[in-house]
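Novice: Sharing a structure with you now.
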Amino acid sequence: MKKTTSGDKPVGKLTRVEDFLPPPGALAMPEDTVKVTLSLSRSSVNFFKEQARRNHTKYQRMIRSLVDTYTAHYLHH
């Protein structure tokens, strides 16, 4: 015999928890960016596009992150 439960009825004592999560707009901090025109090799762009597809992100974001990481390394050196 299979037990069934109603999805509409609470089980046990319920306690209200205050909302502790920030609003969605506060989760994505705006970045201070500058638009540039940059020519890259086709093979580099294809590489980043493929990696971005595999990692469910944008290839421009990956390239920006790479440049930011490189810059941060040498700024503090």
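The opening position of the sequence shown corresponds to residue 3 in the working numbering, with each subsequent residue numbered one higher.
Using N, Cα and C, we set each Cβ at its ideal position, and we do this for glycine too.
All values reported here derive from a predicted model rather than from experimental measurement.
Classify phenylalanine 50: buried if its beta carbon has 16 or more other beta carbons within 10 angstroms, exposed otherwise.
Specialist: buried
Novice: Report the rounded CA-to-CA distance for glutamine 62 versus phenylalanine 22, giving the unit in angstroms.
Specialist: 33 Å
Novice: Would you tell me roughly how many angstroms separate the C-alpha atoms of threonine 39 and valine 47, rounded to the nearest one?
Specialist: Approximately 14 Å, taken between the alpha carbons.
Novice: Of the choices Pro26, Pro12 and Arg66, whose alpha-carbon is the least far from that of lysine 37?
Specialist: Arg66
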